[in-house]
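Student: What follows is a structure written as structure tokens; I'll ask about it next.
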Amino acid sequence: MPELPEVETIRRSLRDDLVGKVIDHVEVLEFKQFKGDPKQVAGKKITDVIRKGKMLTLVLEDSLFLSIHLMLTGQILFAEDGKNAIFKNIIPHTNSNKMPNTSTRIVVHFKDTSALYFNDQRKFGWMKLSDKIEETKSVDVLSPEFTLEYFKKSISSSKKPIKPLLLEQDKITGIGNIYDNDLLWEAKVHPTRKANSLSNEELEAIYNATVKIIQEGIKYKGSSAKDEMYVLPNSEKGSYQEHFKVYHRNGQPCLRDKATIERIELAGRGTFFCPKCQK
DNA sequence: CTGCGGTCCTGAAGGC
DNA sequence: TGCCTTCAGGACCGCA
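Put into structure tokens, the structure is as follows:
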């Protein structure tokens, strides 16, 4: 599912594709997934593409912000030739490599006939047009404000298990289920450990693992496992799934000590860990 | 404040 | 082969 590394990979790609382009019109195929008036963006130039946590925002001239949340199954594709948009690679979980297809919910058409496609099989994602950037106190994992001190202060007093706590986006934003599982393996901390039971050393290990694993995800351009919809805007796959530590590796040997990776359900989410090295 | 369960949604996978 | 049920889950909301 799209988490920080996937959204950051998309951002870097779209920044190269879109900055300077002028929107012709937005074609909304699923109305419930577009918040705001799509007509407002006609003629606006894209000046930047930014990200905070899992939220991607196209910055437009005249203080307009077109934000995109991919939620579980959102997919962004970009074609220079929007009149004949056929992608080379298989588009996961869609019926056709030609855009738009049955999963396409919104299309942003540009003056030069290039086009951006927002596909979303399960219709949980959305696009929102706003005249101000979303204000949030939450801190992105890659931002300078995400320090060890901030991390300790925001999580160390909670009675919740560390794994679901890291999924909450209101204090730290960007972590989803894949990287949550893998970073706790990296930190050698068991996912069910209560946050307020963690030692200073363990908190520091989780902090360091968070930055390391998220950066590793970006290095491999995100995770495109077979049950995921995520691809880059040019339809290429990411390769982090070839580097999973524990995620979806239940029954397989731990990369550190060969113990068998286990799967449990924790706060309603699939949770993977090594019973030997994660304490 | 916390924490739980329901909701949204659809394709894939499993059972018989 | 085919129909039916179950499952996956990020964010949000209502309720105890």
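If you read the first sequence in the numbering used here, its first letter stands for residue 82, the second for the next number, and so on.
Glycine included, C-beta positions come from ideal geometry on N, C-alpha and C.
Predicted model, so just to flag it, every value in this text is computed and none were measured.
1. Applying the criterion that 16 or more other CB atoms from any shown protein chain within 10 Å of the CB defines a buried residue, is Phe205 buried or exposed?
2. Less than 7 Å between the beta carbons of Ile294 and Leu264, yes or no?
3. Report the residue ranges of all alpha helix (DSSP H) runs contained in full by the stretch 205-293; include only those spanning at least 4 residues, in chain order.
4. If you drop the 5 nearest sequence neighbours on each side, which residues of the same chain put their C-beta closer than 6 Å to that of Thr183?
5. Enumerate in chain order the residues of its own chain whose CB-to-CB distance from Cys335 is below 7 Å, with the five nearest sequence positions on each side excluded.
6. Can you tell me where the beta strand (DSSP E) with Leu139 in it begins and where it stops?
7. Would you mind sorting Ile253 into buried or exposed? The rule is 16 or more other CB atoms within 10 Å of its CB.
8. Within the continuous alpha helix (DSSP H) that includes Val189, where are the two ends?
9. Spell out a yes or no on whether the stretch 125-137 and the stretch 215-226 are touching, meaning 3 or more CB-CB pairs, one atom from each, closer than 8 Å.
10. Let's see if you can read the secondary structure: which residues bound the beta strand (DSSP E) around Leu147?
11. Between Leu145, Glu84 and Arg93, which lies nearest to Asn315 when the distance is taken from Cα to Cα?
12. Are three or more beta carbon pairs between the stretch 89-104 and the stretch 264-277 nearer than 8 Å?
13. With DSSP run on the structure shown, which of helix, strand or coil describes Glu89?
14. For the beta strand (DSSP E) that contains Lys133, what are its first and last residues?
15. Can you tell me where the beta strand (DSSP E) holding Arg330 begins and where it ends?
16. Could you tell me if Lys318 is buried or exposed, where buried requires 16 or more neighbouring beta carbons within 10 angstroms of its beta carbon?
17. Can you give the beta carbon distance from Val292 to Val222, rounded, assuming they're within the 8 Å contact cut?
18. Rounded to a whole number of angstroms, what is the C-alpha to C-alpha distance between Arg344 and Asp212?
19. Can you give the Cα-Cα distance for Ser239 and Phe227, rounded to whole angstroms?
20. Relative to the alpha-carbon of Phe199, which residue among Glu230, Ala160, Tyr260 and Glu323 has its alpha-carbon at the smallest distance?
21. Buried or exposed for Ile171, going by 16 or more other Cβ atoms inside 10 Å?
22. With which residues is Glu346 paired in a DSSP beta bridge?
23. Could you tell me the distance, in whole angstroms, from the CA atom of Pro181 to the CA atom of His271?
24. What do you reckon, are the CB atoms on Val122 and Phe115 nearer than 7 Å?
25. Between the C-alpha atoms of Tyr179 and Gly163, what's the straight-line distance to the nearest angstrom?
26. Rounding to the nearest angstrom, what Cα-Cα distance links Met208 and Ile149 in this structure?
27. Under a three-way DSSP split, which group does Val100 fall into?
Tutor: Here's the rundown:
1. Here residue 205 refers to the residue found at position 124 when the first sequence is read from its first residue. With fewer than 16 Cβ atoms within 10 Å of its Cβ, Phe205 is classed as exposed.
2. Working through the first sequence from its first residue, we reach residue 294 at position 213. Working through the first sequence from its first residue, we reach residue 264 at position 183. The answer is yes: Cβ separation under 7 Å.
3. 229-236, 243-248 and 258-267
4. The sequence position of residue 183 within the first sequence is 102, counting from 1. Residues Asn176 of the same chain have their beta carbon placed closer than 6 Å to that of Thr183, with the five preceding and five following residues left out of the count.
5. By one-based count along the first sequence, residue 335 stands at place 254. So the list reads Ile342, Cys355, Lys357 and Cys358, once near-sequence residues are dropped.
6. Your numbering for residue 139 matches position 58 in the first sequence. Per DSSP, Leu139 belongs to the beta strand (DSSP E) from Met136 to Leu141.
7. By 1-based counting over the first sequence, the position of residue 253 is 172. Counting Cβ neighbours within 10 Å, Ile253 comes out buried, since at least 16 surround it.
8. The residue given as residue 189 occupies position 108 in the first sequence. It is not in any alpha helix (DSSP H) - Val189 instead sits in the beta strand (DSSP E) that spans Thr185 to Phe191.
9. yes
10. Position 66 of the first sequence, counted from the first residue, corresponds to residue 147. First-last of the beta strand (DSSP E) with Leu147: Leu145 to His150.
11. For the purposes of this step, residue 315 is identified with residue 234 of the first sequence, where counting begins at 1. Among Leu145, Glu84 and Arg93, the Cα nearest to that of Asn315 belongs to Arg93.
12. Judged by Cβ distances under 8 Å, the stretch 89-104 makes no contact with the stretch 264-277, as fewer than three pairs qualify.
13. Working through the first sequence from its first residue, we reach residue 89 at position 8. If DSSP states are grouped into helix, strand and coil, Glu89 belongs with the helices.
14. Along the first sequence, read from residue 1 onward, the residue named residue 133 stands at position 52. Note, Lys133: beta strand (DSSP E), Ile127 to Lys133.
15. The sequence position of residue 330 within the first sequence is 249, counting from 1. Unbroken run through Arg330: none, as it is neither H nor E.
16. Here residue 318 refers to the residue found at position 237 of the first sequence. Lys318 comes out buried.
17. Position 211 of the first sequence, counted from the start, is the residue given in the question as residue 292. Position 141 of the first sequence, counted from the start, is the residue given in the question as residue 222. Correct: roughly 7 Å between the Cβ atoms.
18. Sequence index remark: in the first sequence, residue 344 carries index 263 (1-based). Sequence index remark: in the first sequence, residue 212 carries index 131 (1-based). Cα-Cα distance, rounded: 44 Å.
19. Stepping through the first sequence from its first residue, residue 239 is reached at position 158. Stepping through the first sequence from its first residue, residue 227 is reached at position 146. Going by the C-alpha atoms only, they are around 18 Å apart.
20. Within the first sequence, numbered from 1, the residue matching residue 199 stands at position 118. The option with the nearest alpha carbon to Phe199 is Ala160.
21. As a first step, residue 171 must be located in the first sequence, where it is residue number 90. Ile171 should be labelled exposed.
22. Within the first sequence, residue 346 is the residue found at index 265, counting from 1. Bridge partners of Glu346: Gly351.
23. As a working mapping, residue 181 is identified with position 100 in the first sequence. As a working mapping, residue 271 is identified with position 190 in the first sequence. Going from the Cα of Pro181 to the Cα of His271 covers about 44 Å.
24. Counting from one through the first sequence, the residue named residue 122 turns up at place 41. Counting from one through the first sequence, the residue named residue 115 turns up at place 34. No, Cβ-Cβ distance for Val122 and Phe115 is not below 7 Å.
25. Position 98 of the first sequence, counting from 1, holds the residue named residue 179. Position 82 of the first sequence, counting from 1, holds the residue named residue 163. Note that residue 179 is Lys in the sequence shown here, rather than Tyr. Pairing Lys179 with Gly163, the inter-Cα distance amounts to about 10 Å.
26. As a first step, residue 208 is located in the first sequence; it is residue number 127 there, counting from the start. As a first step, residue 149 is located in the first sequence; it is residue number 68 there, counting from the start. In this structure, the alpha-carbon of Met208 lies about 4 Å from that of Ile149.
27. Against the first sequence, residue 100 aligns to sequence position 19. Reduced to three states, the DSSP call for Val100 is coil.
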